[in-house]
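Note sheet for the following structure.
Numbering (my numbering), first residue to last: 27 to 437.
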């Protein structure tokens with residue numbers, strides 16, 4: 027008998043067949059990604075604390091935070107702060123349960139400092155308030171109604187919101203190149219050979235038919251740049267490295283595209299107006315960051331795809347469906363591609379929740395499928411429906427995967 031929650035349609039649109047495709051990635055040091063990483067680390071730290079002291083994850087959503095850019099004076103060879111970066115943490119968390127108290131403020135401070143060290147270690151002193159000010163005291167106690175839903179003794183967590191998640195698979199060549207370009211430039215291996223390349227990297231990719239055009243913003247670190255001539259030399263080396271890496275990614279996918287790469291197109295080297303920083307982060311000099319303004323949970327911003335504007339970072343991984351359904355949607359789309367081989371070559375899906383209902387019982391799951399077996403579409407759709415119905419029962423398992431680091435919300 028068909029599952030009335032699950033609707034399967036034949037996909038009529040493929041981003042791969044569009045003559046134009048635009049994809050963006052904000053790297054780990056971009057202020058929007060940095061603040062996403064801070065609140066997600068805080069959520070995971072709270073999960074561990076709650077599990078350690080109570081044996082279960084308690085209610086929290088710490089997905090409201092802001093990075094307010096500081097100010098620096100930078101020249102070849104180095105720079106200094108004249109105004110600190112300000113980080114405001116907000117949201118809700120459980121401060122006490124069953125007589126056990128939780129030091130949310132200290133946990134928030136340590137999670138923030140750790141993320142800053144990981145991203146800009148060696149260039150920012152996280153305990154120096156002339157460089158960074160962290161305000162953790164705006165995290166309030168969780169509201170009674172949401173705590174009540176959270177704490178109800180049910181086998182399956184109850185959705186704390188009416189929301190939807192969106193996912194798709196596989197990545198297009200433009201998406202793959204965009205993701206791997208930033209990961210290549212921010213890899214430890216690349217940094218060892220190119221220490222002047224900071225962590226704040228943004229990649230914007232444009233595919234026009236058979237041509238890939240990348241515009242890449244790279245925050246160079248002044249400590250490792252001694253002159254405008256050296257800056258230009260390093261920038262050109264980075265550009266050539268991106269071209270080589272892009273061609274390697276395309277070759278792995280057995281495709282052939284022309285590649286065009288531009289780096290720091292806002293520079294005016296004649297006047298000395300260049301992208302040079304003290305820390306490798308643009309938030310040192312006025313660039314702000316807000317939770318949810320950056321990458322989706324697959325690390326990309328994809329305007330040619332169906333998308334959710336849900337800010338997943340910092341939300342609790344137990345019953346916040348905006349987070350859980352988004353992560354699960356991408357996981358399910360990939361699982362469908364792997365399970366059905368050439369019969370399903372593209373999968374786009376959306377899952378809708380209903381507040382107060384078990385998270386294993388979405389109001390609707392809508393799938394658009396494309397494949398090589400279109401002639402046998404009805405049989406394939408029936409198999410996919412049965413597969414999806416079985417996978418829905420496994421939604422609660424995603425909590426353990428998130429807390430255990432097997433699935434990441436921010437990267």
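Where a beta carbon is used, it is the ideal one built from N, C-alpha and C, also for glycine.
Per DSSP, the bridge partner or partners of residue i
i	result
residue 384	184
residue 376	192 and 392
residue 315	93
residue 294	299
residue 428	BP columns for residue 428 are empty, so no partner.
residue 112	94 and 159
residue 327	50
residue 341	87
Segment limits, alpha helix (DSSP H) that includes residue i
i	result
residue 413	403–418
residue 489	With the chain covering only 27 through 437, there is no way to say anything about residue 489.
residue 218	214–219
residue 398	First-last for residue 398: undefined, no H or E at that position.
residue 200	199–211
residue 358	347–366
residue 442	In this structure the chain extends from 27 to 437, so residue 442 is not present and cannot be described.
Cβ-Cβ distance between residue i and residue j below 9 Å
i	j	result
residue 353	residue 323	yes
residue 224	residue 258	no
residue 247	residue 102	no
residue 164	residue 115	yes
residue 89	residue 325	no
residue 276	residue 289	no
residue 147	residue 303	no
residue 409	residue 372	no
residue 8	residue 330	Nothing about residue 8 can be read from this structure; the chain reaches only from 27 to 437.
residue 389	residue 31	yes
residue 124	residue 112	no
residue 260	residue 231	no
residue 347	residue 186	yes
residue 57	residue 307	yes
residue 192	residue 333	yes
residue 249	residue 149	yes
residue 133	residue 71	yes
residue 126	residue 311	no
residue 313	residue 45	no
residue 29	residue 414	yes
residue 328	residue 145	no
residue 363	residue 195	yes
residue 286	residue 239	yes
residue 243	residue 292	yes
N- and C-terminal bounds of the beta strand (DSSP E) containing residue i
i	result
residue 237	237–247
residue 287	284–289
residue 192	190–195
residue 228	223–234
Cβ-Cβ separation, residue j to residue i (assumed contact under 8 Å), whole Å
i	j	result
residue 226	residue 55	4 Å
residue 469	residue 339	Limits of the chain in this structure are 27 at one end and 437 at the other, which puts residue 469 out of reach.
residue 361	residue 417	7 Å
residue 35	residue 61	Not really, about 37 Å apart at Cβ, beyond 8 Å.
residue 391	residue 183	Actually they do not touch by this definition, with Cβ atoms about 18 Å apart.
residue 188	residue 379	6 Å
residue 118	residue 69	No, residue 118 and residue 69 are not in contact; Cβ-Cβ is about 11 Å, not under 8 Å.
residue 86	residue 342	5 Å
residue 320	residue 138	Their Cβ separation, rounded to whole angstroms, is 17 Å, which puts residue 320 and residue 138 out of contact at 8 Å.
residue 229	residue 207	5 Å
residue 385	residue 350	6 Å
residue 63	residue 141	5 Å
Which ranges would you report for the alpha helix (DSSP H) in the stretch 114–173 if only whole runs of at least 4 residues count?
130–146
What are the uninterrupted segments assigned as alpha helix (DSSP H) that are 4 or more residues long and contained completely in the stretch 29–107, given in chain order?
57–80
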